[in-house]
Amino acid sequence: MNQPGLLQDKVVVVTGGGGGIGREIALAMAREGARLVVNDIGASVSGEGLDASPAQQVVKEIKALGSEAVANTDSVSDPLSAARIIQTAMENFGRIDVVVNNAGILRDRFFHKMSVDEWDAVMKVHLHGGFYVSRAAAPYFKEQESGNYIHMTSTSGLVGNFGQANYSAAKLGITALSKSIALDMLKFNVRSNCIAPFAWSRMIGSIPTDTPEQQARVDRIKQMTPAKIAPLAVALASDDSAHVNGQVFAVRNNEIFLMSQPRPLRSVHRSEGWTPQTVLDQAMPALQSSFFDLERSGDVFSWDPI
Numbered sequence: 050m051n052q053p054g055l056l057q058d059k060v061v062v063v064t065g066g067g068g069g070i071g072r073e074i075a076l077a078m079a080r081e082g083a084r085l086v087v088n089d090i091g092a093s094v095s096g097e098g099l100d101a102s103p104a105q106q107v108v109k110e111i112k113a114l115g116s117e118a119v120a121n122t123d124s125v126s127d128p129l130s131a132a133r134i135i136q137t138a139m140e141n142f143g144r145i146d147v148v149v150n151n152a153g154i155l156r157d158r159f160f161h162k163m164s165v166d167e168w169d170a171v172m173k174v175h176l177h178g179g180f181y182v183s184r185a186a187a188p189y190f191k192e193q194e195s196g197n198y199i200h201m202t203s204t205s206g207l208v209g210n211f212g213q214a215n216y217s218a219a220k221l222g223i224t225a226l227s228k229s230i231a232l233d234m235l236k237f238n239v240r241s242n243c244i245a246p247f248a249w250s251r252m253i254g255s256i257p258t259d260t261p262e263q264q265a266r267v268d269r270i271k272q273m274t275p276a277k278i279a280p281l282a283v284a285l286a287s288d289d290s291a292h293v294n295g296q297v298f299a300v301r302n303n304e305i306f307l308m309s310q311p312r313p314l315r316s317v318h319r320s321e322g323w324t325p326q327t328v329l330d331q332a333m334p335a336l337q338s339s340f341f342d343l344e345r346s347g348d349v350f351s352w353d354p355i
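Just add 49 to wherever you are in the sequence shown, counting from 1, and you've got our numbering.
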């Protein structure tokens, strides 16, 4: 007799589940016995165009694995539409156990050139969408006194990157949203964690390859397939990780990192208080050795993927 999977009969919603990381997470969870709502509007990376077939194709693959799944093409960026994603789970499976907030778009532009529309579009999908879908699931989690959120963040927000002020701000916002959910819903036995994935997908498929150095970088990134992210997501979704809450992880090929969260590094004190001049003369020089450099993800993760 086959052993039941880690997620046997759990009902999981994966937003942006029609391709890339979302698809791999959905398939991996199905292999562990989960029942899936695969949400994907079938849009391009820039959020344009609609196509039901990506979600339907993943549902077909899940059913071929012997698990249950339904497709949903609602957008996460509207609260009523996002609520229908969760309602799809309730109507088809009668409950909801895990929400994977993975849907995303890119509108990369250097900050001084970024339009309001480019800012809004990314915020609506990533940060607002993460809230809308999570909030729609919250009453069901509260009532059943169990539930699990897994949010995709990014080192673009955790560390920094060029040309992604909208994406970086949204992704760092998601880490704060996740922590707040973990704190507010702990008494209902609800957990919330983040994953910052390193993976080659259509979201980063526009990286230039004009020079040998750029091509070599892309070749290294291509080693980091979306499938590498799925094991951690499955583990976080399982009851065996009930003690893991409010954490931020990163996955880079075969490496898993626990990421730091902002905490005081050092302090300076002046019993008579501070003036602007004493801040400049005393506080800044004392603190300067602990200043952070203007690093990007590649500066912090400077070695080749392992």
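Beta carbons are placed, not taken as given, at the ideal position from N, Cα and C, and that holds for glycine. Note that this is a predicted model, so its numbers are computed, not measured.
Provide the residue(s) that pair with residue i in DSSP beta bridges, ordered along the chain.
i: residue 106; result: In DSSP, residue 106 forms no bridge with anything.
i: residue 246; result: 300
i: residue 305; result: 300
i: residue 87; result: 63 and 120
i: residue 40; result: The displayed coordinates of the chain run from 50 to 355. Any statement about residue 40 would go beyond what the structure contains.
i: residue 198; result: 148 and 241
i: residue 213; result: 158
For residue i, which of the options has the nearest alpha-carbon?
i: residue 239; options: 219, 214 and 287; result: 287
i: residue 77; options: 277, 321, 191 and 265; result: 277
i: residue 198; options: 290, 159, 139 and 208; result: 290
i: residue 354; options: 169, 300, 64 and 63; result: 300
i: residue 170; options: 187, 218, 209 and 82; result: 218
i: residue 184; options: 226, 279, 329 and 205; result: 226
i: residue 105; options: 166, 68 and 161; result: 68
i: residue 112; options: 166, 298 and 87; result: 87
i: residue 351; options: 109, 149, 90 and 208; result: 208
i: residue 103; options: 73, 132 and 114; result: 73
i: residue 309; options: 172, 144, 298 and 136; result: 298
i: residue 243; options: 135, 109 and 200; result: 200
i: residue 192; options: 212, 144 and 215; result: 144
i: residue 173; options: 130, 322, 264 and 302; result: 130
i: residue 148; options: 110, 165, 91 and 66; result: 66
i: residue 214; options: 187, 162 and 260; result: 162
Tell me whether the beta-carbon of residue i lies closer than 9 Å to the beta-carbon of residue j.
i: residue 273; j: residue 248; result: yes
i: residue 228; j: residue 241; result: yes
i: residue 196; j: residue 189; result: yes
i: residue 343; j: residue 315; result: no
i: residue 107; j: residue 138; result: no
i: residue 204; j: residue 223; result: no
i: residue 15; j: residue 151; result: Coverage of the chain is limited to positions 50 through 355, which leaves residue 15 absent and any answer about it impossible.
i: residue 210; j: residue 346; result: yes
i: residue 237; j: residue 194; result: yes
i: residue 317; j: residue 326; result: no
i: residue 232; j: residue 322; result: no
i: residue 305; j: residue 285; result: no
Does the ligand SAH have a heavy atom nearer than 8 Å to the CB of residue i?
i: residue 308; result: Here there are no bound small molecules, and the ligand SAH is not part of this structure.
### Complete alpha helix (DSSP H) runs within the segment 108-167 (minimum length 4 residues, chain order)
128-142
### Query
Are at least three pairs of beta-carbons, each pair with one atom in the segment 120-136 and one in the segment 52-60, less than 8 Å apart?
no
### Query
Should the segment 151-166 be regarded as contacting the segment 107-122, the criterion being three or more beta carbon pairs within less than 8 Å?
no
### Query
Should the segment 59-72 be called in touch with the segment 81-93, which here means at least 3 C-beta pairs below 8 Å?
yes
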